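A.B. asks:
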Amino acid sequence: MAATGVILFSTKAVIVKLAYAYNIDPISLLLFRMLFSLPFYVGIYLVHRKKWAADPITGKQKGALLLIGVLGYYLASYFDFRGLANITASLERLILFSYPTFVLLMSMIYLKKRITKAQIISILITYTGIAIIFYERGGITAGSREELISGSLFVFASALTYAAYLVGSNALVAKVGSKRLTTYSLMVSCFAVILHYGVTHQVDLFSYPAPVYLLSIAMALFATVIPSFLINEAIKRIGAPTVAIVGSLGPVSTITLSMIFLGEMLTLPQFAGAFIIISGVIFITRNK
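Put into structure tokens, the structure is as follows:
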């Protein structure tokens, strides 16, 4: 179950790259992802609203949910989609996979948790792998160093905001429940994306080729809704640490899918860098 959820999540970058071939911009594609996902989460809300109404959340918790929704599903996704416009799906997934290092650092700074020597070594291992990937310049789509840097910085920003979401939701999930947290956060994110789109674009939702809508539906179902429930259920059954380790399948899956569907190829040193990154993150999750 956890492995299936991780692999489904990993298809997102490949689907985004396929959609970009039809000249759609990041915020419009993100809007379609959210719009096609929203009905499922609204349905979940309607099914559980009486149960949730019997256990109301406080004003402070509402504010926290609002912030988490903006960080985790709006900003993190937007930065990720922006980055994918300039770098390969493989590099995007490897950079994004570094988010546990940010979780550790935020926990140290804001939650006053100590970082062990093993965790410091794990962080160094992870960024050594990223440095190898960058040195090889394997993430360039259009052959431009500026695009590589810009795209990578956006994905690092995505990893940073996603880590902030995880740190913030860690304390909140025990109070409101994972299903309610996910549902409310995604609904907040959807409205944030709609607002962003409305401010920056003229409303023109029906001018794209049919494949854009089909890819958006596929991304909503198979890279958003279904895996979110699989991962939540897996966490209940086998625990978050084990699910985090299973998450190491994500980059491997994305690299494989990008080779098959996008024609992206990694050199031997880049494969070595990917292996080092995955090893570093596994060490982090095992030493929490």
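Count along the sequence shown starting at 1, add 7, and that's the number in the working numbering. All residues carry an ideal CB built from backbone N, CA and C; glycine is no exception. None of the values given here were measured: they were computed from a predicted structure.
How should residue 88 be labelled, buried or exposed, when 16 other C-beta atoms within 10 angstroms of its C-beta is the threshold for buried?
C.D. replies: Locating residue 88 in the sequence shown gives position 81, counting from the first residue. Buried, because 16 or more other Cβ atoms sit within 10 Å of the Cβ of residue 88.
A.B. asks: Pull up the distance between the alpha-carbon of residue 127 and that of residue 191, whole angstroms please.
C.D. replies: Within the sequence shown, residue 127 is the residue found at index 120, counting from 1. Within the sequence shown, residue 191 is the residue found at index 184, counting from 1. So the alpha carbons of these two residues sit roughly 35 Å apart.
A.B. asks: What does the Cβ neighbour count give for residue 121, buried or exposed, with the cut at 16 atoms within 10 Å?
C.D. replies: Here the question's residue 121 lines up with position 114 in the sequence shown. Counting Cβ neighbours within 10 Å, residue 121 comes out exposed, since fewer than 16 surround it.
A.B. asks: Measure the Cβ-Cβ separation of residue 283 and residue 123 and say whether it is below 9 Å.
C.D. replies: Here the question's residue 283 lines up with position 276 in the sequence shown. Here the question's residue 123 lines up with position 116 in the sequence shown. For residue 283 and residue 123, no; Cβs fall outside 9 Å.
A.B. asks: Residue ranges of each alpha helix (DSSP H) run of no fewer than 4 residues wholly in the stretch 192-244, ordered along the chain?
C.D. replies: Runs of the alpha helix (DSSP H) inside the stretch 192-244: 217-227.
A.B. asks: Nearest-angstrom Cα distance between residue 140 and residue 231?
C.D. replies: Here residue 140 refers to the residue found at position 133 when the sequence shown is read from its first residue. Here residue 231 refers to the residue found at position 224 when the sequence shown is read from its first residue. Each residue's alpha carbon lies about 28 Å from the other.
A.B. asks: How many angstroms separate the CA atom of residue 81 from the CA atom of residue 94?
C.D. replies: Position 74 of the sequence shown, counted from the start, is the residue given in the question as residue 81. Position 87 of the sequence shown, counted from the start, is the residue given in the question as residue 94. Near 20 Å, if we compare the C-alpha coordinates of residue 94 and residue 81.
A.B. asks: Between the Cα of residue 47 and those of 291, 229, 289, 287, spot the shortest distance and give me the residue it belongs to.
C.D. replies: Position 40 of the sequence shown, counted from the first residue, corresponds to residue 47. Of 291, 229, 289, 287, the residue nearest in Cα terms is 229.
A.B. asks: Any chance the CB of residue 157 is under 8 Å from a heavy atom of the ligand ATP?
C.D. replies: This structure lacks the ligand ATP; in fact it carries no ligand of any kind.
A.B. asks: For residue 204 and residue 72, what's the separation of their Cα atoms in angstroms?
C.D. replies: For the purposes of this step, residue 204 is identified with residue 197 of the sequence shown, where counting begins at 1. For the purposes of this step, residue 72 is identified with residue 65 of the sequence shown, where counting begins at 1. Each residue's alpha carbon lies about 22 Å from the other.
A.B. asks: Return helix, strand or coil for residue 284, following the three-state DSSP convention.
C.D. replies: One-based indexing of the sequence shown puts residue 284 at position 277. Of the three classes helix, strand and coil, the one that applies to residue 284 here is helix, per DSSP.
A.B. asks: Taking 9 Å as the threshold (C-beta atoms), are residue 280 and residue 137 in contact?
C.D. replies: Taking the sequence shown and counting its residues from 1, the one referred to as residue 137 is at position 130. Taking the sequence shown and counting its residues from 1, the one referred to as residue 280 is at position 273. Yes, Cβ-Cβ distance for residue 137 and residue 280 is below 9 Å.
A.B. asks: Judging by CA-CA distance, which residue of 83, 113, 215 is the nearest neighbour of residue 196?
C.D. replies: Working through the sequence shown from its first residue, we reach residue 196 at position 189. For the residues 83, 113, 215, the minimum Cα distance to residue 196 belongs to 83.
A.B. asks: Going along the chain, which residues of its own chain have a beta-carbon closer than 6 Å to the beta-carbon of residue 158, five neighbours each way excluded?
C.D. replies: Along the sequence shown, one-based indexing puts residue 158 at 151. 90, 93, 94, listed in sequence order.
A.B. asks: I want to know whether the stretch 19-31 touches the stretch 216-230 - three or more CB-CB distances under 8 Å.
C.D. replies: A contact exists between the stretch 19-31 and the stretch 216-230.
A.B. asks: Provide the residue span of the alpha helix (DSSP H) that contains residue 28, from first to last.
C.D. replies: Start at 1 with the first residue of the sequence shown, and residue 28 comes out as number 21. Counting along the chain, residue 28 falls outside any alpha helix (DSSP H), and DSSP gives it neither H nor E.
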